[in-house]
Structure formats: structure tokens, C-alpha cells
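2 protein chains.
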Amino acid sequence: MTKVFLDEPDIPTHWYNLVADLPTPPAPHLHPGTKQPLVPEDMTAIFPMGLIEQEASSERWIRIPDEVQEIYRLWRPSPLHRARRLEQALGTTARIYYKYEGESPVGSHKTNSSVPQAYYNKLAGKTRLTTETGAGQWGAALAFATQVFGMSCDVFQVRNTYDAKPYRRMLMQTYGATVTPSPSDTTEAGRRLQERFPGTTGSLGMAISEAIELAVQDPNASYALGSVLNHVCLHQTVIGQETLKQLVVFGEDLPDYLFACAGGGSNLAGLSFPFIRENLEGRGHVDIVACEPAAAPSLTQGEFRYDFGDSSGMTPLLKMYTLGNDFVPDPVHAGGLRYHGMSPLVSHCYHEGLLRAIAVKQRDAFAAGILFARAEGIVPASESCHAIAGAVAQARRATEAGESPVILIGVSGSGQLDLPAYAEYLTGDMLDA
Amino acid sequence: MTKVFLDEPDIPTHWYNLVADLPTPPAPHLHPGTKQPLVPEDMTAIFPMGLIEQEASSERWIRIPDEVQEIYRLWRPSPLHRARRLEQALGTTARIYYKYEGESPVGSHKTNSSVPQAYYNKLAGKTRLTTETGAGQWGAALAFATQVFGMSCDVFQVRNTYDAKPYRRMLMQTYGATVTPSPSDTTEAGRRLQERFPGTTGSLGMAISEAIELAVQDPNASYALGSVLNHVCLHQTVIGQETLKQLVVFGEDLPDYLFACAGGGSNLAGLSFPFIRENLEGRGHVDIVACEPAAAPSLTQGEFRYDFGDSSGMTPLLKMYTLGNDFVPDPVHAGGLRYHGMSPLVSHCYHEGLLRAIAVKQRDAFAAGILFARAEGIVPASESCHAIAGAVAQARRATEAGESPVILIGVSGSGQLDLPAYAEYLTGDMLDA
Chain H
1 MTKVFLDEPD
11 IPTHWYNLVA
21 DLPTPPAPHL
31 HPGTKQPLVP
41 EDMTAIFPMG
51 LIEQEASSER
61 WIRIPDEVQE
71 IYRLWRPSPL
81 HRARRLEQAL
91 GTTARIYYKY
101 EGESPVGSHK
111 TNSSVPQAYY
121 NKLAGKTRLT
131 TETGAGQWGA
141 ALAFATQVFG
151 MSCDVFQVRN
161 TYDAKPYRRM
171 LMQTYGATVT
181 PSPSDTTEAG
191 RRLQERFPGT
201 TGSLGMAISE
211 AIELAVQDPN
221 ASYALGSVLN
231 HVCLHQTVIG
241 QETLKQLVVF
251 GEDLPDYLFA
261 CAGGGSNLAG
271 LSFPFIRENL
281 EGRGHVDIVA
291 CEPAAAPSLT
301 QGEFRYDFGD
311 SSGMTPLLKM
321 YTLGNDFVPD
331 PVHAGGLRYH
341 GMSPLVSHCY
351 HEGLLRAIAV
361 KQRDAFAAGI
371 LFARAEGIVP
381 ASESCHAIAG
391 AVAQARRATE
401 AGESPVILIG
411 VSGSGQLDLP
421 AYAEYLTGDM
431 LDA
Chain P
1001 MTKVFLDEPD
1011 IPTHWYNLVA
1021 DLPTPPAPHL
1031 HPGTKQPLVP
1041 EDMTAIFPMG
1051 LIEQEASSER
1061 WIRIPDEVQE
1071 IYRLWRPSPL
1081 HRARRLEQAL
1091 GTTARIYYKY
1101 EGESPVGSHK
1111 TNSSVPQAYY
1121 NKLAGKTRLT
1131 TETGAGQWGA
1141 ALAFATQVFG
1151 MSCDVFQVRN
1161 TYDAKPYRRM
1171 LMQTYGATVT
1181 PSPSDTTEAG
1191 RRLQERFPGT
1201 TGSLGMAISE
1211 AIELAVQDPN
1221 ASYALGSVLN
1231 HVCLHQTVIG
1241 QETLKQLVVF
1251 GEDLPDYLFA
1261 CAGGGSNLAG
1271 LSFPFIRENL
1281 EGRGHVDIVA
1291 CEPAAAPSLT
1301 QGEFRYDFGD
1311 SSGMTPLLKM
1321 YTLGNDFVPD
1331 PVHAGGLRYH
1341 GMSPLVSHCY
1351 HEGLLRAIAV
1361 KQRDAFAAGI
1371 LFARAEGIVP
1381 ASESCHAIAG
1391 AVAQARRATE
1401 AGESPVILIG
1411 VSGSGQLDLP
1421 AYAEYLTGDM
1431 LDA
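Chains as they are written, first to last, in the numbering used here: chain H, 1 to 433; chain P, 1001 to 1433.
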């Protein structure tokens, strides 16, 4: 047996909210003006109440609306694979499993949150969502979700990526979204940024400013964020919940190690939070390892303090590990990990010792990604390669020590649209960052 | 319920050979020199005996080796989806299902045959496979399969595609294959072709010549073909066998219509042959519709006669519907359908009235593909869009007539690497061919 799906009725009916089980409460988000804890009214200009409530909720289980469950079924439950061929290639004594989110319509875990975000906005009467995207995974996920609910979608994509990596832009357009390279002439923020930084190729921070401006100006529009915030982490917990059940089908107890890549943190949160609960309740000793890029090492080298989520200081203040909101990472390929901060919930867990972190250089990540692709057939997303690199190193250490741990890897997406990065690695031209 | 997988032990254990059930035997392949029916010895220079036997077999069920089944489990069983959102978008009275092969490691059905082909060659002691590829689906599938069995792989890719659509080349290289633009300087055939056609951007026929030359010269190498031949159609029958079982899980009898795209014919064969058996045994009246591109309409406009499988006349003579082996299709995006001929088995079925065919223009195909992507979330391969166009037209006719047929679509692959074609359609620049 190498792959386990669950029966369709077994997809999760609730999201799991780790806040209910945390030994100490996470610090609240603060209003950027008053520096006081945010109240729901502070967020109604850009978020619908359904998501605002989730952002502040301490309920353990939050029911997934039937309409969202129905769409989840297009790709959920996602498969858990035993990586037998990778084990053979490594000659390891470890047993390796991977949870694969790349079979979603857009090829990544992002649809787990874009669908409920579109749903709650639709419920609130919104007809349009705005967002920013870098490499395009989140933009594509939101373009898909808005299409499903008959809403329109405006995506501001960092200009550099818009021009250089056009496939995900085409994917967003295929789903019917309007994609604008950022900074653009269509918003005041975009025009100001172009004056201030002539010839700039853009950044996520600039694109966020444009997307928020558009949402605030249009009463029918909301803004949507693809990671970092509590409600996004919440939505992703379907990943870990399914994995817990699937490991049982394989006859395994809890894993000894869990490796997941971490940029904004929602993918790591989604896989690991249900396992952190197992640890907290004394059922397991899962060593949870956040794998961040050496080019944006917020957990391993950042400070734990309040900071803005965007570059221009428009968002609430979030208590998180941060490299400073003016930090600009090297242009590594894992666009989804190039973020100055880290989800406040993941940051809190790290600070409390509920998970640990390692920083992975991109050449090491792609070396592991190619090993994985040649063994398992699946080409992992650039981001996922970081988790695989962490797991492969752990498997090698276990083999040297004569141990047989169970290692679980979160493979957050497919690398089919990241192939130019693989080509760059193979020709030896990849930046050693 | 919108998606059905089978339990893993339910993947097929045998390939289904339609030849055993055909009312009249198909015409044999002929030796290009003697014009006599091929004998196994004629093919041993380029194919291993395991595949030669399958090519000529009239056994109904041929056991799938355990080693092949094990690799099939990486992506099989593939899902059968009820296309509820597409039905809603069409406002149709029809019930529409689609079998999706795009979750295979390379994103298409081609791995169903590349894996057994690599296996039988490995068994025969071969260490290297050579092949040609156009858009790259088959090349990527063989690169994956040879990697799994520790063999090397040489792919000659039509130069035009090698340069213009680099993603699948990068995918082949990620799997470790050597990819050479064809015509090349590395073979005598390639050098001669370049002399004869200075500045040519290549063709599948030229690439086949180079791949066969390389295989014939190296006793450790074989040549592998990705469609057309009987053994390739045989391997693909796992698709239709699974679908028969999955329809039962949905509570359906046999479908009223089956639409699948047809280029060389192996995808159509794989889905439809098990259903042709149901028809022949009196259990169903499935209307099987081959959807070919208007740019290469071998069934609807070709002649049923012996012709070469390649442009330069190196292959055996095959009795098939053909547009002539010097036919050059318009440069439509569905590279996998740009073939002058049609599988002899599919041709035989068409000639005997066991299936029918329609020709679809590529703009109509992509219009249907975008409708499908926006409804179902999955972006279909350029080739698969042709089947969807046929099915959508049928659903519209059924709605007008107040009928509620069950329509089954074969979606042979993912269009994630075909996104430039979608972009071209959306900007209105697509060739009306």
C-alpha cells in the first residue's frame, strides 16, 4: 500500500482552532493608529464578519459550511503517500510519508482558504475580491474561488513576476480574473510608489497597498489575504486532520517528525496544528519542524515583536517573528516563502517551544526536490522542496544512528509551473541563497 | 457525491485486449519491404519481446505485472467526477461525468503506457530507451518511467516546441532525460534532414527517424512509441475499466455517450474499449464519439488504407485512417493530436461502426475548455478540450430535446503547461483551425 485516500464522507466537517488548546493565549493584533487590540469594527472595511469572527475566535471546532465542503470535494481528501521509492533511493531506515496538496485545481494548498474566504464574502453580499500575489499561487487560488461563487476578482501581481513567470498569470486569467502588474497606474498607491521608486519591478508590500486601496474604495469589494492571519491558518487545518486519519489507515501511530515549509505560515499551520494538539494532550511527541528559506529566515533570525504585515504599514500590527517590514529577500524561486514576517499563531507556537525551525538554502532545497521527483514522480513546488530537504537530512541522520523514525512531509503543491527553477538548478546557475 | 475514487486494491490487475472480442479481425501490420504480415522477428531490433507479444496478442485479458501495478498506484485509480458545476453552468438536463487522468506524475494519461514499456524493456535487459516527442507529454512520461526503472532516456523533441514551449523539456530534464532538439547533428538522419530542409524547425516524423536510428545502433537500447500501436492502446485500458466500476458507485448504468479526444488514438482506446465490449456483449448502447482536431481529421476525412506511421517511411505499414504520411497539420496547440494517421485498432472500430467521430476546431475546443475550467476548477489539456467541446454540444442538444442522457468525458490530462494556448484564446489571437 503506497497511497491512501479517505472515503469522501471522511473529509473534515470542522476546522480546528489551535487557540482553544494553547497553554498561553497569543498576543492580540493591534490597531496601527491607537495601538489598542483590534475590535471587529476595525476590520469591517476590508473583511466580512464571518472571517473577522474566525480571526478572533477561541472556539476549538468551527463548522465548515456545506457549500465549502462541497467545493473541497473537488480535490479533498488529498492523498497521503508512503514514499517507498524515496526511502529506497536514500537507503534509509526511516519510514517516510508525504501529504500532497498539489492535486487541487490550482496545484497548491491555497484553495483550502480561498474557497471559504470567497464564500463568507459572498454571504456578506460582496461581489468582488481584491488581492495581491507574488508567484501567483494565491492569486490563482482566489481567481478559482471567486469564479466558483460568481464574483469578480482583481489581482495585483508583482510586476517582476507578471513579466517573467507568465503561466500563473495566464491561469488567473483563464479563471476570469483581472490581473494587473504592480505597481500600476490604476491606484493612487501605485502611482505614488512609481514616483518614489522609478522603474521598480514591484514587491508584495506594494501590491498589498494597491489591493487594499481598491477594496476600501468599493463598497461591494473586500480584500483577501492568502496566509499569515489566524483565519487562514484555521482553514488550512483540513490538511492535518486528514493526515491524522490517513496515518491510522497505514497502521502508523503519530509520526516522530513533521516537516513543512513556512513562508507566511499557513501551510505549516494547516498540517501541524492538529499534531500540536496531539502533543499538548499527551498523545504524541511529534517533533514539528518549520522549514523556512535561508533568504527570509524570520523564525531562525528574526525578532519576536509587533510589526506590520505589509511594507507600507497599512495593516494592523501583528505580534510575530519578523525581519522588519522593510526587509527585501534575495530573489529566490520559492516566491511563496519570500515574506518578512511569520503568522502570529505560528510565531507564538515557536516562541512557546511547540515547534522548531530550520533555514534551508535554495540549492539544498532543489537538490532534495529533484531527488524526490526522480523517486516519487511528483515534481514538488519550490516551496515544498524546503520541507523535503529538512526531511531528507533527518532520514539520513536516522539511518546513520540506526533508528527507524516515522517522518511526515507536507508537500504543499506541485512544481509544474516552477520548472524554470529546476532547469536553473540543473544547469548550475542557481543563486546560492 | 461529486468524486469517486476506488479503493486501492481495486485498480485493474489486467489490461483488456479488445481484439479478443472484435466481430472481425483487424488487418495485420505489414513489413515495409516485403509487404507481408509482420512476424515477431521483424520487430526485435527496436522492441522487447514482451511488447511484441502484446502487439499481436488476441488474449482477452493480459496480466499487469506486479511491478507495474505498484507504480500505477502512485496515481491510479484516477478519479471519476460528476461535473455538477458544469451541468449548472450549462443549465443542462444531462448528467455529465469526467474521468480525469491529469493527476498522474506528468499530468497526462501517457504514463499508463510508458511505465509498462519501460518495465518490459528492463526485463529484456535494455538499459536505455529512445523516443520522439512533440509537445512533450509522451517524452515526459517516458522520462519518468525510465527513471523509475533506473534506465537512461534519450528524447528527440521537435525543435520548434523545444524552443517555444520549454516547460515540458524542463520536466523531462528534471526526471533525468537527455533532450535533443530535432533534427539534430547527433544522428545521420538528423544531419541528412537538415541538409534536405535547411533551417527546418522539425516534425514528429523527423524526430521518430532520429530516435529509431539511435535505438537500432545501440544493442542496449530500444525505441518506444507513445500511441498508435496495439500494445499502447492495451495499456491505456486501465482508464475505461476503472470508469466502469466508478459509474456503478455513482449509481449509474452505462453512459449514453462517451467523448474522448483522438490523435494517435491511445487515449480514446483506453477509455472506450471496455465500453465497446459492453456494447458488443449486449449490455449497453454507448454512443462512442472520437473527437479529433479539424486540423488533422484522419477519421472524418482520411482514407482507410495501409500507410507508414512516420513521415520518412521507416515503420511497418499500418492499416489505418490516414491523411497521408506527408500531411502536415496546421500548428494547432493540441500537439498530441497533430498526427496524420490513427491507431489501427481505433481505425478498425470506426470502419466497423463500433464508434463514430467528429472534428472540432481549436477555438471551439478552447471555448469549451474555459467553460470547463471555470466550472470545475480543473484546466484541461489542449487535447482534452476537444472531447469537452463534443460533450458540451451533446448536452446542449439533449437539453433542447428535453432528454437526460448520461454523458461521459475523457479528460486525458492537465492543461497547466498549456496555459499559453488559453492566453492566446482569451486575447483573440488563436488560429481558427
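Heads up, the beta-carbon is just placed ideally off N, CA and C, and yes, glycines get one too.
Note that the structure is a prediction, hence the values are computed from the model and not measured.
- Message: Between which two residues does the alpha helix (DSSP H) holding Leu1051(P) run?
- Response: Met1049 to Ala1056 is the extent of the alpha helix (DSSP H) around Leu1051(P).
Just to confirm, are Trp138(H) and Lys110(H) a CB contact at a threshold of 7 Å?
-> yes
### Query
Who are the Cβ neighbours of Gly205(H) in its own chain at under 8 Å, not counting the five residues just before and after it?
Asp310, Ser311, Ser312 and Asn325
**Prompt:** Cβ of Gln147(H) within 7 Å of Cβ of Gly176(H)?
**Reply:** yes
Problem - Where Phe144(H) meets chain P, residues with beta-carbon distance less than 8 Å - result: Gly1377
### Query
Based on Cα-Cα distance, which residue from Gly1251(P), Gln1054(P) and Pro1274(P) lies nearest to Pro1012(P)?
Pro1274(P)
Next on the checklist: Can you tell me whether Ser298(H) is buried or exposed? The criterion is at least 16 other CB atoms within 10 Å of its CB, across all chains shown.
Outcome noted: buried
Would the beta-carbon of Tyr1119(P) fall within 7 Å of that of Val1068(P)? yes
Helix, strand or coil: how does DSSP classify Met342(H) here? Three-state result, Met342(H): coil.
ask   = Identify the residues that DSSP records as bridge partners of Glu132(H): which are they?
value = Under the DSSP definition of a beta bridge, Glu132(H) partners with Phe156(H).
Self-check item: Ala367(H) versus Lys1122(P): straight-line alpha-carbon distance, rounded
Solution: 27 Å
Can you check whether the CB of Ala1083(P) is closer than 7 Å to the CB of Glu1376(P)?
It is a contact, given that the beta carbons lie within the stated cut-off.
Check: Do the stretch 239-252 of chain H and the stretch 85-94 of chain H meet, that is, are 3 or more Cβ pairs less than 8 Å apart?
Finding: no
>> For Pro40(H), which residues in the same chain have their Cβ closer than 8 Å to its Cβ, ignoring the five residues on either side in sequence?
In response: Once the five neighbours on either side are set aside, the close Cβ partners of Pro40(H) are Met49, Ile52, Glu53 and Ala56.
Kindly identify the DSSP beta-bridge partner or partners of Arg196(H).
None; Arg196(H) has no bridge partner.
By Cβ distance below 8 Å, which residues in the same chain neighbour Asp307(H) in space, the five residues on each side in sequence not counted? Leu317, Leu318, Met320, Thr322, Gly324, Asn325, His340 and Gly341
Exercise. Beta-carbon of Gln1117(P) versus every beta-carbon of chain H: anything under 7 Å?
Worked result: No, Gln1117(P) does not count as interfacial toward chain H.
### Query
Cα-Cα, which of Glu1278(P), Gln1416(P) and Gln1246(P) is closest to Arg1168(P)?
Gln1416(P)
- request: Quick one: grab the DSSP three-state call for Met151(H).
  value: coil
query: Who does Trp15(H) pair with in a DSSP beta bridge?
result: Ile62(H)
Counting contacts by CB-CB distance shorter than 7 Å, is Tyr72(H) in contact with chain P? no
Exercise. Could you please tell me which residues of the stretch 1167-1192 of chain P, in chain order, have their CB closer than 7 Å to any CB of chain H?
Key: Tyr1167, Met1170, Leu1171, Gln1173, Thr1174, Tyr1175 and Gly1176
| query | Taking 7 Å as the CB-CB limit, is Glu103(H) close to chain P? | reply | yes
Worksheet item: Does any CB atom of chain P fall closer than 7 Å to the CB of Gly413(H)?
Response: No, no contact with chain P.
| said: Can you list, in chain order, the residues of its chain with a C-beta nearer than 7 Å to that of Met43(H)? Leave out the 5 residues immediately preceding and following it. | reply: Ile52
Open item on the list: Just verifying my parser: in three-state terms, what is the DSSP assignment at Pro1037(P)?
Closed with: In this structure, Pro1037(P) counts as strand in the three-state DSSP scheme.
- Query: Would you call Leu225(H) buried or exposed, if buried means 16 or more other Cβ atoms sit within 10 Å of its Cβ?
  - Reply: buried
What number of angstroms, rounded off, separates the C-alpha of Thr201(H) from the C-alpha of Val1346(P)? 53 Å
Looking at the strands, I want to know which residues DSSP matches up with Asp287(H). Tyr257(H)
ask   = Mapping DSSP to helix, strand and coil, what is Gly410(H)?
value = strand
- Message: Once the 5 residues before and after Leu229(H) are set aside, which same chain residues still bring their CB inside 7 Å of it?
- Response: Glu55
* Asked: If you compare alpha carbons, which of Ala1269(P), Ala1389(P) and Leu1354(P) is closest to Leu1371(P)?
  -> Out of Ala1269(P), Ala1389(P) and Leu1354(P), Ala1389(P) has the C-alpha closest to the C-alpha of Leu1371(P).
Identify, in the order they occur along the chain, each residue of the same chain with its Cβ nearer than 8 Å to the Cβ of Phe259(H), setting aside the five sequence neighbours on each side. Val289, Cys291, Ala387, Ile388, Gly390, Ala391, Gln394, Ile407, Leu408, Ile409 and Gly410
Practice task
For Tyr1425(P), count neighbouring Cβ atoms within 10 angstroms of its own Cβ and tell me buried if that reaches 16, exposed if not.
Solution key: buried
Just checking: is the beta-carbon of Ala1373(P) within a distance shorter than 7 Å of some beta-carbon in chain H?
Chain H contact via Cβ: present.
>> As an exercise, report each continuous alpha helix (DSSP H) stretch of at least 4 residues that is fully enclosed by the stretch 1064-1101 of chain P, in chain order.
In response: 1066-1072 and 1084-1090
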